[in-house]
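Okay, so the sequence shown: first residue is 5 according to this note's numbering, each after it adds one. Just so you know, even glycine gets a beta-carbon here, dropped at the ideal spot from N, CA and C. Nothing here was measured: the structure is a model prediction, and the numbers come from that model.
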Amino acid sequence: MEPIDILALAVSALAKGDATSAGEAVLNEYPFVPAVRSRSSFTERRKFKIFARDGFIDRYSGKRLLFPGALRVLHLLLPQQVPYHPNWKMDETHIAFWELFPTVDHVEPVARGGSNDDDNLVTTCQLRNSAKANWTLDELGWELRPGGGGEWDGLTQQVLSLVEARPELLEDSILRRWVQAASGVYAGTL
């Protein structure tokens with residue numbers, strides 16, 4: 005029985021004054037399952053490892069994403085053209101941070117029983133991560149697309165070269181953490 009039919013049955017039972025049957029129908033056929041509250045926190049190294057594994061491809065849309073350090077460098081060197089707000093205020097942050105900044109998402113949300121294992125983690129952009137929230141792919145009508153297989157690195161190598169030529173950029177702690185993460189993964193020090 006479809007969820008809509010179960011709730012229609014419950015409303016029909018209520019209309020007849022039969023709250024017991026209505027309650028049993030919902031309880032047995034479409035029960036409330038409370039979400040598990042969990043806040044996952046991943047290091048930049050672990051995130052970068054997932055991004056690199058997926059080839060900096062948004063696994064929900066198939067679009068290419070940027071190494072977070074690339075967006076940070078753009079903001080640091082072109083603050084007027086690529087503004088950023090530490091709380092991601094949309095009226096003060098370039099849309100590229102939402103569309104092209106990669107993040108790690110749980111394919112099966114933790115709140116719905118998913119794990120923090122790497123095989124349940126994929127790369128997506130901030131915008132899709134916000135839209136997906138605790139919904140499953142089936143509920144959204146989305147599909148999981150293949151990763152990039154290493155053809156695209158999100159401009160990571162270019163940023164590492166730029167930072168090597170301009171080490172003063174590493175005074176920025178956010179950029180420094182992303183560069184350390186990328187360097188560590190590439191050096192195999194995880």
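Since residue i and residue j should fall inside the 8 angstroms C-beta cutoff, what is the C-beta to C-beta distance between them, to a whole number of angstroms?
| i | j | result |
| --- | --- | --- |
| residue 2 | residue 63 | What is shown of the chain runs 5 to 194, which leaves residue 2 out entirely. |
| residue 49 | residue 185 | 4 angstroms |
| residue 78 | residue 103 | About 13 angstroms separates the two Cβ atoms, so there is no contact after all. |
| residue 125 | residue 136 | Wrong, their Cβ atoms sit about 13 angstroms apart, outside the cutoff. |
| residue 155 | residue 59 | 6 angstroms |
| residue 179 | residue 173 | 6 angstroms |
Ends of the alpha helix (DSSP H) at residue i?
| i | result |
| --- | --- |
| residue 131 | 130 to 136 |
| residue 107 | Unbroken run through residue 107 is the beta strand (DSSP E), 106 to 110; no alpha helix (DSSP H). |
| residue 85 | Segment: none, residue 85 is in no alpha helix (DSSP H) and carries neither H nor E. |
| residue 8 | 7 to 19 |
| residue 190 | 177 to 190 |
| residue 1 | With the chain running from 5 to 194 in the structure shown, residue 1 is simply not present. |
| residue 54 | 48 to 57 |
| residue 32 | 23 to 33 |
| residue 142 | 141 to 144 |
Using CA coordinates, which residue listed in the options is at the minimum distance from residue i?
| i | options | result |
| --- | --- | --- |
| residue 30 | 7, 145 and 66 | 7 |
| residue 80 | 116, 98 and 93 | 98 |
| residue 176 | 73, 69 and 19 | 73 |
| residue 96 | 9, 84 and 107 | 84 |
| residue 192 | 14, 56, 142 and 9 | 56 |
| residue 46 | 110, 71, 69 and 91 | 110 |
| residue 151 | 101, 61 and 10 | 61 |
| residue 203 | 33, 37 and 9 | In the structure displayed, the chain extends from 5 to 194; residue 203 sits before or after that span and is not available. |
| residue 188 | 51, 90, 100 and 133 | 51 |
| residue 69 | 82, 142, 13 and 159 | 159 |
Give me whichever residues DSSP pairs with residue i in a beta bridge.
| i | result |
| --- | --- |
| residue 166 | Its beta-bridge partners do not exist; DSSP assigns none. |
| residue 127 | 108 |
| residue 63 | Partner(s): none; residue 63 has no beta bridge. |
| residue 68 | 61 |
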